[in-house]
Amino acid sequence: MSEITDQQVADRLPDMWLDRDNVEFYRGLLQRRLLINRCADCGRWQQPPFPICPSCWSDDVRPTEVSGEGTIHSFTILRAGPPLPGVDYASGHPVVVVELAEQQGVRVTATTADVAHEELRVGMPVTLTWVDRGGEPVPAFRPAASA
Amino acid sequence: MGTMTVRYPVRDQVAIVGVGTTPYSRDSGKSEMGLVVDAARAAIKDAGLTAKDVDGIAGTWVRAELAQAALGIPAVNYYLNTRLPPFSQQVVAGINAVFSGLCDTMLVYHCAYRMGGTSRSAGGDPFRVSRRGMPRPLSPFPDTITGAACYASWANRYIEEYGASREDLGRIAINNRTNAGHNEHAAARKPLTMDEYLGARMVRDPLTVFDMDYTIDGADAFIITTAERARDLPQKPVIVHAAVLGQTDHGVEEDLPDLTDTGLKVAADALWARSELTLDDVDVFMPYDGFSVITLKWFEAIGYCGVGEAPGFVMDNWNEDADRIEIRGRVSVNPHGGSLSEGASQSAGHMREAVNQLRGQASGLQVEGARTALVAPGGFFYNAGAMLFRT
Ligand SMILES: [Zn+2]
Chain A
1 MSEITDQQVA DRLPDMWLDR DNVEFYRGLL QRRLLINRCA DCGRWQQPPF
51 PICPSCWSDD VRPTEVSGEG TIHSFTILRA GPPLPGVDYA SGHPVVVVEL
101 AEQQGVRVTA TTADVAHEEL RVGMPVTLTW VDRGGEPVPA FRPAASA
Chain B
1 MGTMTVRYPV RDQVAIVGVG TTPYSRDSGK SEMGLVVDAA RAAIKDAGLT
51 AKDVDGIAGT WVRAELAQAA LGIPAVNYYL NTRLPPFSQQ VVAGINAVFS
101 GLCDTMLVYH CAYRMGGTSR SAGGDPFRVS RRGMPRPLSP FPDTITGAAC
151 YASWANRYIE EYGASREDLG RIAINNRTNA GHNEHAAARK PLTMDEYLGA
201 RMVRDPLTVF DMDYTIDGAD AFIITTAERA RDLPQKPVIV HAAVLGQTDH
251 GVEEDLPDLT DTGLKVAADA LWARSELTLD DVDVFMPYDG FSVITLKWFE
301 AIGYCGVGEA PGFVMDNWNE DADRIEIRGR VSVNPHGGSL SEGASQSAGH
351 MREAVNQLRG QASGLQVEGA RTALVAPGGF FYNAGAMLFR T
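Chains A and B supply the protein sequences, listed in that same order.
For the first sequence, full-length UniProt numbering assigns the number 1 to the initial residue and increments by one for each residue that follows.
For the second sequence, full-length UniProt numbering assigns the number 1 to the initial residue and increments by one for each residue that follows.
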């Protein structure tokens, strides 16, 4: 996988607050990888990324790719907002908070794919996928394939 | 030599018991948070304490709820989130917070960081540019619930978890609008029916324009002095019986563990632990209502009902004829109309109404003989508080 420099992350995500604690999260997004900090000492997952582990204060926290499996913890549909390419407020832009399978309470917020707004439910099993927006990859969650 | 002519009872009452620092350098190789947690860990250890011993927090630039979360400080009864230096205000506030009993162990921090706007050599560093985003990590816009969208998302969670309905949110909006109709100071006074509420345009599902505060230009101001001096002034004194703040270590919007573990609950618990009065003494209740769902949660957190029971509580205490809430047929809730209808004052209007009610000078519906007012500012995540005023 080609390297993406810190400056390129900043240039490609100009509206994000970028720092040394979250740059790997954003670099991961640009590489279609969802990276969540995990403590190498006690195993705790932590989102948003902090420079230490809140449980054991270890400095050895490592951005780690997650399975992409989870459930919808809450959601909303945005009906208005600043114009952005590929975002349709008129028909409603869905935003879901997904509790990741890795650890209770660890959540990521993203949009959806392959699901009607009316079908969104708290507790719905979902899987990570990626959609294109303005030429950049953006994480999205679609309904998990039924077992 | 001092002559001790000014009132200063905190003298000799508070001490600095721990100190920590980081190297001072041109490029630390760390984030602001990285520097803050290094200094904070050093100071806490220097004092012979752990994160669990800290129950108050204040600082600059790095937001208090994020530093608290990063350090794993379980709960604080006092926080200060003044973004801008100078640092002196955080120190003074911390000393007074400890002296007053708001907290026992206060962590106060400051971070200096070279930014692109003030340092030429920092200008080319992507971590030092003048940042346009929010000072916390989040998903790229608009796929985020940071900011206003969080209450829409959590309102959906509330509805799902407790079997609530949009009507339950609507009753909060209707109560406040009914009350505002009696208040000439209020910005939105046109009566609101449930049909109108349910037919309103969605802004962020499940919240409509009626679930969100009514933005205004306006200001409120207060003069605060000692209770002793207040007796010599012309107005009937309004005494601060107890005033607290509350925040959990999950202050990022996505991260609230559930609807029971909120900043509201920390603040409510801290208030009742410091009060001689009880909820039965309260004559008028001013819960925050920047979003309707916050008021529902305040009924639960402050103790009027259990978790998830606010919709039933509101229905049980609804006065059909007056089209508003009257708790036990007596206690008014946001009699001025709150942020939803009087105007979005971020709780300044709630506090003004508390004072006016206790003076018997309410601009709208005066609670007869009101002697105790409860103001509950703030929301779920990082700005909750609770204040009891009495005559
Ligand atoms: Zn750990």
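Even for Gly, the Cβ is constructed at its ideal location relative to N, Cα and C.
Buried or exposed by the 16-neighbour rule on C-beta atoms within 10 Å, applied to residue 390 of chain B: By 1-based counting over the second sequence, the position of residue 390 of chain B is 390. In this structure residue 390 of chain B is buried. Its beta-carbon is surrounded by 16 or more other beta-carbon atoms within 10 angstroms.
Near-chain A residues of the segment 186-209 of chain B - C-beta to any C-beta below 9 Å: Near chain A, meaning a CB-to-CB distance below 9 Å, the residues of the segment 186-209 of chain B are 201, 202, 203, 204, 205, 206 and 207.
Sequence-distant residues of the same chain with beta carbon closer than 6 Å to residue 373 of chain B, five excluded per side: Residue numbering aside, residue 373 of chain B sits at position 373 when the second sequence is read from its first letter. Correct list, in chain order: 284, 354, 357, 358 and 389.
Contact residues within the segment 36-59 of chain B, judged by C-beta distance below 7 Å to chain A: Closer than 7 Å at the C-beta level to chain A, one finds these residues of the segment 36-59 of chain B: 37 and 41.
Neighbouring residues, chain B, relative to residue 80 of chain A (Cβ below 7 Å): Reading the first sequence from its first residue, position 80 is the one you call residue 80 of chain A. Going along chain B in sequence order, the residues near residue 80 of chain A (Cβ under 7 Å) are 203.
Cα-Cα separation, residue 2 of chain B to residue 55 of chain B: Working through the second sequence from its first residue, we reach residue 2 of chain B at position 2. Working through the second sequence from its first residue, we reach residue 55 of chain B at position 55. The predicted position of residue 2 of chain B is uncertain, since its pLDDT is 46 and thus under 50; no value can be drawn from it.
Euclidean distance between Cα positions of residue 91 of chain B and residue 265 of chain B: As a working note, residue 91 of chain B is residue 91 in the second sequence. As a working note, residue 265 of chain B is residue 265 in the second sequence. In a straight line, the C-alpha of residue 91 of chain B is about 26 Å away from that of residue 265 of chain B.
Sequence-distant residues of the same chain with beta carbon closer than 6 Å to residue 258 of chain B, five excluded per side: Walking along the second sequence from the start, residue 258 of chain B turns up at place 258. If we look at residue 258 of chain B and ignore the five residues flanking it on each side, it has no Cβ neighbours.
Ligand 1 heavy atom lying under 7 Å from the CB of residue 41 of chain A: Sequence index remark: in the first sequence, residue 41 of chain A carries index 41 (1-based). Indeed, a heavy atom of ligand 1 lies less than 7 Å from the Cβ.
Rounded separation between residue 394 of chain B and residue 275 of chain B - CA only: Outside the displayed span of chain B (1 to 391) sits residue 394 of chain B, for which this structure offers no information.
Identity of the residue in A:59, A:48, A:23 and A:30 nearest residue 139 of chain A by Cα: What you label residue 139 of chain A is simply residue 139 of the first sequence in a count that begins at 1. Relative to residue 139 of chain A, the option among A:59, A:48, A:23 and A:30 whose CA is nearest is A:30.
CB-CB length for residue 51 of chain A against residue 33 of chain B, believed under 8 Å: Within the first sequence, the letter at position 51 stands for residue 51 of chain A. Within the second sequence, the letter at position 33 stands for residue 33 of chain B. Contact between residue 51 of chain A and residue 33 of chain B holds, since their C-beta atoms are separated by about 6 Å, short of 8 Å.
Nearest-angstrom Cα separation, counted from residue 293 of chain B out to residue 147 of chain A: In the first sequence, counting from the first residue as 1, residue 147 of chain A sits at position 147. In the second sequence, counting from the first residue as 1, residue 293 of chain B sits at position 293. Model confidence at residue 147 of chain A stands at a pLDDT of 48, short of 50, so the residue's coordinates are unreliable; what they give is reported in the following sentence. Cα to Cα, the separation comes out at about 36 Å.
Where residue 288 of chain B falls: helix, strand or coil (DSSP): The count along the second sequence starts at 1 and reaches residue 288 of chain B at position 288. In the structure shown, residue 288 of chain B sits in coil (DSSP, three-state: anything other than H, G, I, E or B).
DSSP state of residue 305 of chain B mapped onto helix, strand, coil: Taking the second sequence and counting its residues from 1, the one referred to as residue 305 of chain B is at position 305. Looking at residue 305 of chain B - three-state DSSP - the assignment turns out to be coil, as it is neither helix nor strand.
Neighbour flag for residue 387 of chain B against chain A, beta carbons, 8 Å: In the second sequence, counting from the first residue as 1, residue 387 of chain B sits at position 387. It does not; no Cβ of chain A falls within 8 Å.
C-beta neighbour in chain A for residue 289 of chain B, strict 8 Å: Taking the first residue of the second sequence as position 1, residue 289 of chain B is located at position 289. Chain A contact via Cβ: absent.
Residue 369 of chain B vs residue 289 of chain B beta-carbon contact at 8 Å: As a working mapping, residue 369 of chain B is identified with position 369 in the second sequence. As a working mapping, residue 289 of chain B is identified with position 289 in the second sequence. No, Cβ-Cβ distance for residue 369 of chain B and residue 289 of chain B is not below 8 Å.
Presumed contact (8 Å Cβ cut-off) between residue 314 of chain B and residue 168 of chain B, rounded CB distance: Start at 1 with the first residue of the second sequence, and residue 314 of chain B comes out as number 314. Start at 1 with the first residue of the second sequence, and residue 168 of chain B comes out as number 168. Confirmed, Cβ separation roughly 7 Å.
Distance CB(residue 151 of chain B)-CB(residue 247 of chain B) smaller than 8 Å: The residue labelled residue 151 of chain B in the question sits at position 151 within the second sequence. The residue labelled residue 247 of chain B in the question sits at position 247 within the second sequence. No, the Cβ-Cβ distance between residue 151 of chain B and residue 247 of chain B is not below 8 Å.
Closer than 7 Å: residue 44 of chain A CB and nearest ligand 1 heavy atom: Indexing the first sequence from 1 puts residue 44 of chain A at position 44. It does: the Cβ of residue 44 of chain A is within 7 Å (strictly closer) of some heavy atom of ligand 1.
Within chain B, partners of residue 141 of chain A - CB distance below 9 Å: One-based indexing of the first sequence puts residue 141 of chain A at position 141. Under the 9 Å cutoff, chain B gives no residues; its nearest Cβ is about 10 Å from residue 141 of chain A.
Range of the contiguous alpha helix (DSSP H) that encloses residue 272 of chain B: Position 272 of the second sequence, counted from the start, is the residue given in the question as residue 272 of chain B. Here the alpha helix (DSSP H) through residue 272 of chain B covers 263-272.
8 Å Cβ cutoff, residue 30 of chain B in contact with chain A: Counted from its first residue, the second sequence places residue 30 of chain B at position 30. Yes, because at least one Cβ of chain A sits closer than 8 Å to the Cβ of residue 30 of chain B.
Close beta carbons around residue 419 of chain B, own chain, < 7 Å, minus the five adjacent residues each side: Chain B is shown only over 1 to 391; residue 419 of chain B falls outside these bounds and no answer can be derived.
Beta carbon of residue 20 of chain B nearer than 8 Å to that of residue 46 of chain B: As a position in the second sequence, residue 20 of chain B is number 20, starting the count at 1. As a position in the second sequence, residue 46 of chain B is number 46, starting the count at 1. Yes, the Cβ-Cβ distance between residue 20 of chain B and residue 46 of chain B is below 8 Å.
Cβ-based burial, residue 245 of chain B [other Cβ within 10 Å; buried from 16]: To locate residue 245 of chain B, count along the second sequence from 1; it is residue 245. Its Cβ being crowded by 16 or more others within 10 Å, residue 245 of chain B is buried.
Per-residue contacts from residue 74 of chain A into chain B (C-beta, under 7 Å): Here residue 74 of chain A is taken as the residue at index 74 of the first sequence, counted from 1. Within chain B, the residues near residue 74 of chain A are 153, 154, 156 and 157.
Close Cβ partners of residue 84 of chain A (< 8 Å) along its chain, the five nearest in sequence each way excluded: The residue given as residue 84 of chain A occupies position 84 in the first sequence. Annotation for residue 84 of chain A: 133 and 134 place their beta carbon closer than 8 Å to its own, counting only its chain and skipping 5 residues before and after.
Where the segment 30-60 of chain A meets chain B: residues whose CB sits under 7 Å from a CB there: So the list reads 48, 49, 50, 51, 52, 54, 55 and 57, given in the order they occur along the chain.
Spatial neighbours of residue 109 of chain A in its chain, beta-carbon cut-off 6 Å, leaving aside the 5 residues before and after: As a working mapping, residue 109 of chain A is identified with position 109 in the first sequence. Residues of the same chain with a CB within less than 6 Å of the CB of residue 109 of chain A, apart from the 5 flanking positions on each side, are 97 in chain order.
Assumed close pair residue 214 of chain B, residue 363 of chain B - CB separation to whole angstroms, cut-off 8 Å: Counting from 1 along the second sequence, the entry for residue 214 of chain B is found at position 214. Counting from 1 along the second sequence, the entry for residue 363 of chain B is found at position 363. Actually they do not touch by this definition, with Cβ atoms about 16 Å apart.
Beta-carbon contacts of residue 27 of chain A that lie in its chain and below 6 Å, excluding the five residues immediately before and after: For the purposes of this step, residue 27 of chain A is taken as residue 27 along the first sequence, with counting starting at 1. Answer for residue 27 of chain A: 4 and 9, listed in chain order.
Meets three-Cβ-pair contact criterion under 8 Å: the segment 48-66 of chain A and the segment 85-95 of chain A: Fewer than three beta-carbon pairs drawn from the segment 48-66 of chain A and the segment 85-95 of chain A are found closer than 8 Å, and the two stretches are therefore not classed as touching.
Which residues DSSP lists as bridging residue 319 of chain B, in chain order: By one-based count along the second sequence, residue 319 of chain B stands at place 319. DSSP, once it has assigned bridges, lists B:324 as partnering residue 319 of chain B.
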